[in-house]
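What follows is a set of notes on a single structure, which appears directly below.
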Ligand code: NAD
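Numbering (the UniProt record's numbering), first residue to last: 1 to 403.
Here it is, written out as structure tokens:
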């Protein structure tokens, strides 16, 4: 009996397990995650804004695994020892494996910016996302008491996809926040501070301009060309010139949310893998270059795109595809067969801006407005089917398509 250990039940890990558990073979799977639920990380901004409750974007892992073939352990992974083929868990000791799938996901990247960890809110999992929503409501109540406008300012650091989707979700909820604060909707200020002067690098100029115009039209103050240098309590310090000696400016806000990018899990470094920012450059069959019984998937991996000679962007889409492919290669290995190379063509990229707006690419076609919003909900529903099957789709799917 071969022991397959899967570390992390995000898109890549859970997809590996769900693909493998359908297959016959002399193997047993052990799945480890610090949470007893899977969550749709692409929808965290909706929990942060309060547009959706936590349980709408998550479901219990036990509901979607076959317990005859899979043992689930809820624990923190501290370290993998690839030389000894073991993994160390915080509470459950050391596990031995014949094959391991390392899919431990992302954490927030602060780029060493002073005060970012201490003074900005992170949005990296269900609890931190929910914490943002609770924080916003508390700040609205504080405004009622103090009439200090800084409590009404919601400031997002970084206008990548995460920052933009969060800004859109906050716009949707502005009315509700205003009621708590006892002000009008337009008094809730949503600001996005971004270093780049041209955002949305994956889109051409026309599509990027559409995205910028859309979020500005919805009332978001998009401060482009503003490189954040420091986060003080209730204050973001930034520079509008790359000159290190240039004068710094600052903007006050009692809600500061950090979405300036992500890195892979720190476990990769702890384990001695050849990583950079928690990501390991993997072989085209998704294995570690040094250890042929170690698969590294999703946000902890860097897979080179032969067309651009740069790593593919880390997305839920590629992580899910990697999970399915790793399952196939594990079966090959167990049977003593050669592994297959992973090939990837993105199906597209769509950013939602609140519940009723979106824009992006599906294949090579540009989509905007209502059709884009419907396409985005289709993408979310497809992901739920992949991760949880029909049951989770029916319970958590997005069917509010007529708006
Ligand atoms: P990102 O790296 O894509 O964007 C971070 C943004 O923060 C960039 O625009 C960067 O210029 C800015 N930034 C960095 N340091 C800064 C500083 N000091 N001051 C001001 N601005 C600064 O990160 P992300 O948005 O978290 O996305 C991570 C990955 O997940 C990406 O590959 C993204 O495409 C993907 N993603 C996809 C979707 C989707 O498909 N709908 C949604 C969210 C994220």
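Every residue, glycine too, gets a C-beta built ideally from N, C-alpha and C.
Please read these numbers as outputs of a predicted model, since none were measured by experiment.
CB-CB length for residue 272 against residue 253, believed under 8 Å: About 40 Å separates the two Cβ atoms, so there is no contact after all.
Inter-residue spacing [alpha-carbon to alpha-carbon] between residue 17 and residue 64: 10 Å
What residue range is occupied by the uninterrupted alpha helix (DSSP H) comprising residue 241? Note, residue 241: premise wrong, no alpha helix (DSSP H); not H, not E.
For residue 227, write down the residues that DSSP places opposite it in a beta bridge. 239
Go ahead and pull the three-state DSSP assignment for residue 400. coil
Where residue 393 and residue 41 are concerned, what is the direct C-alpha to C-alpha distance, given to the nearest angstrom? 16 Å
Which runs of the beta strand (DSSP E), 3 residues or longer, sit entirely within the segment 13-58? 27-33, 37-39
Where residue 347 falls: helix, strand or coil (DSSP): coil
Quick one: what does DSSP say residue 318 is sitting in, helix, strand or coil? helix
Excluding the 5 residues preceding and the 5 following residue 152 in the sequence, name in chain order all residues of the same chain whose CB lies nearer than 7 Å to its CB. 143, 181, 183, 187, 188, 189
Tell me whether the beta-carbon of residue 214 lies closer than 8 Å to the beta-carbon of residue 45. no
Would you say the beta carbon of residue 196 comes nearer than 7 Å to a heavy atom of ligand 1? yes
Coil, strand or helix - residue 363 by DSSP: coil
Would you check if the distance between the CB atom of residue 67 and the CB atom of residue 263 is smaller than 8 Å? no
Mind the definition here: the segment 169-180 touches the segment 342-360 only if three or more C-beta pairs lie below 8 Å; say whether that holds. yes
Consult DSSP for residue 202 and reduce its assignment to one of helix, strand or coil. coil
Between which two residues does the beta strand (DSSP E) holding residue 93 run? 93-96
Leaving out the 5 sequence neighbours to the left and right, which residues in its chain are closer than 7 Å to residue 225 when beta-carbon positions are compared? 197, 240
Could you say which of 117, 362, 379, 386 lies nearest to residue 399 if we only look at CA atoms? 379
Take the Cβ of residue 301 as the centre, count every other Cβ of all protein chains shown within 10 Å, and call the residue buried at 16 or more, exposed below. buried
Inter-residue spacing [alpha-carbon to alpha-carbon] between residue 156 and residue 167: 7 Å
Quick check on this structure: which residue in 28, 312, 377, 359 has the alpha carbon closest to the alpha carbon of residue 345? 312
Considering only their Cβ atoms, is the gap separating residue 387 from residue 38 smaller than 8 Å? yes
Report the CB separation of residue 289 from residue 278 in whole angstroms; it is logged as a contact under 8 Å. No, residue 289 and residue 278 are not in contact; Cβ-Cβ is about 17 Å, not under 8 Å.
One or two residues paired with residue 305 in a DSSP bridge: 310
Note down, in chain order, each residue of its chain lying with its Cβ closer than 6 Å to the Cβ of residue 207, except the 5 sequence neighbours on either side. 366
Determine the burial state of residue 30: buried for a count of at least 16 other Cβ atoms within 10 Å of its Cβ, exposed for fewer. buried
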